[in-house]
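Under the working numbering, think of the first position of the sequence shown as 0, with each following residue one higher.
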Amino acid sequence: MSITESPLSNDIIAHERINLGNLYFFKTFLVAEYHEGIRLDFESFNEAQEVILSHFGNSEFGYVANRINSYCINITDAPHFNATLNNLKAHATVTYNTFSDMNFELESCFFDFNRKLFKSVSDATTWVVSELEVKKVC
């Protein structure tokens, strides 16, 4: 289910259409919904990174990858992502099929982010918000 079809849609602060797909911004996190069949690598992510930085600046934020479409991530670029997104404190991925679950498990071997897999966007956003609150307390 797209974030725009969920009860959370009322809390969207900003929406950006980029070449990779759509970014939906909330107060402390964003939900990314990428287009079917795209290849996500560090170079193609540059536009998204610029939009994310313009929204959050140096503030800590959470990221929800709502995989309503199938796409691939170039895991050999993981070190670049790990080094660049220093203020990313929680990364949730929502999957809708077993193949996407397996992709998440493989990707988790390469990315250093605090990552967790979910079956609903509601559960994913709840976890991201709670992780950001824990980070503030510590």
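Just so you know, even glycine gets a beta-carbon here, dropped at the ideal spot from N, CA and C.
Taking 8 Å as the upper bound for CB-CB distance, Y23 and H34 are not in contact here, some 14 Å apart. Take F112, set aside five residues on each side of it, and the residues of its chain with a beta-carbon closer than 7 Å to its own are L87 and H90, in chain order. Within the region 69–114, the alpha helix (DSSP H) runs of at least 4 residues that lie entirely inside it are, in chain order, 77–83 and 97–107. Exposed is the label assigned to I12, since fewer than 16 other Cβ atoms lie within 10 Å of its Cβ. Taking 4 residues as the shortest admissible run, the region 22–73 contains the following complete alpha helix (DSSP H) segments, listed from N- to C-terminal end: 45–55.
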